[in-house]
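**Q** What follows is a structure written as structure tokens; I'll ask about it next.
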Amino acid sequence: MDTQRQLFLEGAGLSCIRDDRVLFEGLAFELYAGQVLLLEGENGSGKTSLLRIICGFREPDSGKIRWCGDAVNDSRFYTQMAYIGHLDGIKKELTVLENLKVSLALSKPGRYSIQEALKKVSLAGFDDALVQTLSAGQKRRLSLARLLITENYLWILDEPFTSLDKQGIALIETLMVEHCTNNGMIVLTSHHEIALHGIDVQRIHLS
Amino acid sequence: MPLPQAFFALIRRDLVLALRRRSEMINPLLFFILVITLFPLGIGAQPQLLKAIAPGIIWVSALLAAMLSLDSLFRSDFDDGSLEQILLSSHPASVLVLGKVIAHWLVTGLPLLIVAPLLAVFLGLPGHSVGILLLTLLLGTPVLSLIGAIGVALTVGLRRGGMILSLLVLPLYVPVLIFAGNAVEMAGTGLPVDAQINILISILLMALVLAPWPTAAALKMSIN
């Protein structure tokens, strides 16, 4: 457990410039196990850009992201993180089960089996349903199920509550609290007010 | 899971996807057959001429069919975000990309090999050149997929990348076309073709080893 307690994500002096427009400058944060980092700000203020910089999809125009003190481009970061972006990253021609099996093959098995994870996101019994027959909210829940079946400590979530109903949002909040109490950490953007009881939430406001 | 399992899971996923949307698989094949069957009609009753240009016709058609199918290699994964997930995997992206290219060749390249003998006989190619034709297609079409993958990876982020893709990729296809076409032609006159086949083998091995890296790097650039 000790090694897990030492996990931390650190950003220092980050800046992002897009089309000559400075989105943010000199941004710094430190996130430890059990904490949540909530990025707030208007549309186009650079929330998604910051998430993509943390994922390594984009180079920051200055500054560094470190995972446990090391630069993120060593592969340990990628075995310990999971990202759910605007796009669900699931194939509509495959069934629910086939999609999750591919995700599992690309990563390490995590805390829950596929069946347990489907039950958790209330998609039990949909194993053999083609994803194109699911509703938008169900697709979202399926992509979030991916977080449960793979081994990871850091969740990076871009607007995870999009197209979810009230129960769906409550469900994801419960999963997030559970993840944090198990020494996980979460970076997310959200327009919704999130209710995470007993969890240390840091907020960064981008403007 | 270990890398080999991830590699084969990705190949299996792409094969299942191809089976569920068949048009991707059938379009290049149909194009290949149509172009080749149109040539005898266009040229008229000149069996000698047809026989002489048959290797070129078949190879140029195979090359264009391969180009036609390239866009589907990463397009849907790029559009639905699966590509991000693949690149975020802790496994080396180049190996996973190679899996995708292999699946793509099995779906679009292999069918060409299966119908090629029939079309070769149709164009009047002598029996012993048909074997060499098949061998050159077997060695050459994977190279088209591997080299094409670099071009698609570079252009998948552009909305209208089709023209740039052909400009990027066609010059790199020329060596394969020259050696393969030449081998089939020489086989028709009874000359040895070992040299051409050896060169094709070396091109294939080089492409297998060298193409996945730039492809993975280009994909990382494209999703930015």
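Sequences listed follow chains F and G, in order. Just so we're aligned: 19 in numbering that gives the first Met the number 0 is position 20 of the first sequence, and the numbers increase by one with no gaps anywhere. Just so we're aligned: 213 in numbering that gives the first Met the number 0 is position 214 of the second sequence, and the numbers increase by one with no gaps anywhere. C-beta: ideal position from N, C-alpha, C; glycine also.
1) Closest to F/I155 by C-alpha separation, out of F/A104, F/S142, F/L99, F/L133, would be which residue?
2) List the residues of chain G whose Cβ lies closer than 8 Å to the Cβ of F/V101, in chain order.
3) Under 9 Å between C-beta atoms, does G/M0 make it to chain F?
4) Under DSSP, the beta strand (DSSP E) around G/M0 begins and ends at which residues?
5) Between the C-alpha atoms of G/S60 and F/Y152, what's the straight-line distance to the nearest angstrom?
6) For the putative contact between G/L122 and G/L28, defined by C-beta atoms under 8 Å, what is the C-beta separation to the nearest angstrom?
7) In chain F, which residues lie with their C-beta within 7 Å of the C-beta of G/L87?
8) Cα separation between F/D1 and F/L187?
9) Can you check whether the CB of F/L50 is closer than 9 Å to the CB of F/D199?
10) Could one say the Cβ of G/L69 lies closer than 9 Å to chain F's Cβ atoms, at least one of them?
11) Less than 9 Å between CB atoms is the rule here; does F/D19 satisfy it with respect to chain G?
12) Along the chain, where does the beta strand (DSSP E) containing F/L30 start, and where does it finish?
13) Determine, for F/L156, whether the minimum Cβ-Cβ distance to residues of chain G falls below 9 Å.
14) When Cβ atoms are compared, which residues of the segment 145–161 of chain G fall closer than 8 Å to chain F?
15) Return the CA-CA distance between G/A5 and G/I196, expressed in angstroms with no decimal places.
16) Grab me the residues of F/R145's own chain with a C-beta within less than 6 Å of its C-beta, minus the 5 sequence neighbours each way, in chain order.
17) Take the Cβ of F/Q3 as the centre, count every other Cβ of all protein chains shown within 10 Å, and call the residue buried at 16 or more, exposed below.
18) Are the Cβ atoms of G/L2 and G/L86 separated by less than 9 Å?
19) Do the CB positions of F/R140 and F/G167 come within less than 9 Å of each other?
20) So, does the CB of G/A216 fall closer than 9 Å to a CB anywhere in chain F?
21) Considering only residues of the same chain and omitting the five flanking positions on each side of G/H90, which have a CB-CB separation below 6 Å?
22) When the Cα atoms are used, what is the spatial distance from F/L96 to G/E184?
23) Quick one: which unbroken alpha helix (DSSP H) runs of 4-plus residues sit fully inside the segment 135–196 of chain F? Chain order, please.
24) So the candidates are G/L136, G/L138, G/P116, G/L72; which of them puts its Cα closest to the Cα of G/V106?
25) Is G/E83 close to chain F, meaning its C-beta is less than 9 Å from at least one C-beta of that chain?
26) Does the beta carbon of G/N197 come closer than 9 Å to any beta carbon on chain F?
27) Run through chain G and tell me which residues come within less than 9 Å of F/L105, C-beta to C-beta.
28) Please report how far the alpha carbon of F/D60 lies from the alpha carbon of F/E39, in whole angstroms.
29) Would you identify the three-state DSSP class for F/Q3, choosing helix, strand or coil?
30) Chain G beta carbons: is any one of them nearer than 9 Å to that of F/H190?
31) Return no unless some Cβ of chain F is closer than 9 Å to the Cβ of G/L136.
32) Using DSSP with H/G/I as helix, E/B as strand and the rest coil, what is G/T188?
33) Let me know if G/R159 comes out buried or exposed under the rule of 16 or more other beta-carbons within 10 Å of its beta-carbon.
34) Going along chain G, which residues have a C-beta under 7 Å from F/G88?
35) Spell out the partners DSSP gives G/I85 in its beta bridges.
36) F/A34: which of F/N42, F/S14, F/Q5 sits nearest, CA to CA?
**A** This is what the structure holds:
1) As a position in the first sequence, residue 155 of chain F is number 156, starting the count at 1. Relative to F/I155, the option among F/A104, F/S142, F/L99, F/L133 whose CA is nearest is F/S142.
2) Translated into the one-based positions of the first sequence, residue 101 of chain F becomes position 102. Here the neighbours are A8, L9, R12.
3) As a position in the second sequence, residue 0 of chain G is number 1, starting the count at 1. With a threshold of 9 Å between beta carbons, G/M0 makes contact with chain F.
4) What you label residue 0 of chain G is simply residue 1 of the second sequence in a count that begins at 1. G/M0: not part of any beta strand (DSSP E); DSSP gives it neither H nor E.
5) Within the second sequence, residue 60 of chain G is the residue found at index 61, counting from 1. Within the first sequence, residue 152 of chain F is the residue found at index 153, counting from 1. Distance between the alpha carbons of G/S60 and F/Y152: 51 Å.
6) One-based indexing of the second sequence puts residue 122 of chain G at position 123. One-based indexing of the second sequence puts residue 28 of chain G at position 29. Going by Cβ atoms, the distance from G/L122 to G/L28 rounds to 17 Å, so no, they are not a contact pair.
7) The residue you call residue 87 of chain G lines up with position 88 of the second sequence. Ordered by position in chain F, the residues that pass the 7 Å Cβ test against G/L87 are C54, Y77, Y82.
8) Counting from 1 along the first sequence, the entry for residue 1 of chain F is found at position 2. Counting from 1 along the first sequence, the entry for residue 187 of chain F is found at position 188. Note on F/D1: pLDDT 47, under 50, position unreliable in the model; the coordinate value appears next. Taking the straight line from one Cα to the other gives about 25 Å.
9) Here residue 199 of chain F is taken as the residue at index 200 of the first sequence, counted from 1. Here residue 50 of chain F is taken as the residue at index 51 of the first sequence, counted from 1. For the 9 Å CB-CB criterion, F/D199 and F/L50 do not form a contact.
10) The sequence position of residue 69 of chain G within the second sequence is 70, counting from 1. Interface annotation, G/L69: not in contact with chain F, CB-CB separation never under 9 Å.
11) Along the first sequence, one-based indexing puts residue 19 of chain F at 20. Not closer than 9 Å to any Cβ of chain G, the Cβ of F/D19 fails to qualify, so no.
12) As a working note, residue 30 of chain F is residue 31 in the first sequence. First-last of the beta strand (DSSP E) with F/L30: 20–31.
13) What you label residue 156 of chain F is simply residue 157 of the first sequence in a count that begins at 1. No, its Cβ sits nowhere closer than 9 Å to a Cβ of chain G.
14) Nothing from the segment 145–161 of chain G brings a Cβ to less than 8 Å from some Cβ of chain F.
15) By one-based count along the second sequence, residue 5 of chain G stands at place 6. By one-based count along the second sequence, residue 196 of chain G stands at place 197. Rounded to the nearest whole angstrom, the C-alpha separation of G/A5 and G/I196 is 33 Å.
16) Taking the first residue of the first sequence as 1, we reach residue 145 of chain F at position 146. Cβ neighbours of F/R145 beyond the five flanking positions: S102.
17) Indexing the first sequence from 1 puts residue 3 of chain F at position 4. Low confidence applies to F/Q3: its pLDDT is 49, below 50, so where it sits in the model is not reliable, and the reading given next is rough at best. Classification for F/Q3: exposed.
18) In the second sequence, the residue the question calls residue 2 of chain G occupies position 3. In the second sequence, the residue the question calls residue 86 of chain G occupies position 87. No, these two residues do not count as a Cβ contact at 9 Å.
19) Stepping through the first sequence from its first residue, residue 140 of chain F is reached at position 141. Stepping through the first sequence from its first residue, residue 167 of chain F is reached at position 168. Closer than 9 Å, so yes.
20) Position 217 of the second sequence, counting from 1, holds the residue named residue 216 of chain G. Answer no: the Cβ-Cβ gap between G/A216 and chain F never drops below 9 Å.
21) Within the second sequence, residue 90 of chain G is the residue found at index 91, counting from 1. L2, A5.
22) In the first sequence, counting from the first residue as 1, residue 96 of chain F sits at position 97. In the second sequence, counting from the first residue as 1, residue 184 of chain G sits at position 185. Those two C-alpha atoms are separated by around 50 Å.
23) List check, alpha helix (DSSP H) in window: 135–148, 165–180.
24) Position 107 of the second sequence holds residue 106 of chain G. A check of alpha carbon separations from G/V106 across G/L136, G/L138, G/P116, G/L72 identifies G/L72 as the nearest.
25) By one-based count along the second sequence, residue 83 of chain G stands at place 84. Yes, contact with chain F.
26) For the purposes of this step, residue 197 of chain G is taken as the residue at position 198 of the second sequence. Answer no: the Cβ-Cβ gap between G/N197 and chain F never drops below 9 Å.
27) Start at 1 with the first residue of the first sequence, and residue 105 of chain F comes out as number 106. Correct list: M0, A5, A8, L9, Q84, I85, L87, S88, S89, H90, L95.
28) Counting from 1 along the first sequence, the entry for residue 60 of chain F is found at position 61. Counting from 1 along the first sequence, the entry for residue 39 of chain F is found at position 40. Cα to Cα, the separation comes out at about 21 Å.
29) As a first step, residue 3 of chain F must be located in the first sequence, where it is residue number 4. Its pLDDT being 49, under 50, F/Q3 is placed unreliably by the model, and the measurement read from it follows with that caveat. F/Q3: helix per DSSP, three-state reduction.
30) The count along the first sequence starts at 1 and reaches residue 190 of chain F at position 191. Among the CB atoms of chain G, none fall inside 9 Å of the CB of F/H190.
31) Counting from 1 along the second sequence, the entry for residue 136 of chain G is found at position 137. Taking Cβ atoms only, chain F never reaches closer than 9 Å to G/L136, which makes this a no.
32) Here the question's residue 188 of chain G lines up with position 189 in the second sequence. In the structure shown, G/T188 adopts coil according to DSSP, grouped into three states.
33) In the second sequence, residue 159 of chain G corresponds to position 160, counting from 1. Only exposed fits G/R159, as fewer than 16 other CB atoms lie within 10 angstroms of its CB.
34) For the purposes of this step, residue 88 of chain F is taken as residue 89 along the first sequence, with counting starting at 1. Residues of chain G passing the Cβ test: D79, G80, S81, E83, Q84.
35) As a working note, residue 85 of chain G is residue 86 in the second sequence. G/I85 pairs with nothing; no bridge assigned.
36) Sequence index remark: in the first sequence, residue 34 of chain F carries index 35 (1-based). In the sequence as presented, Ala is not what sits at residue 34 of chain F; that position holds Gln. Ranking the options by Cα distance to F/Q34, first place goes to F/Q5.
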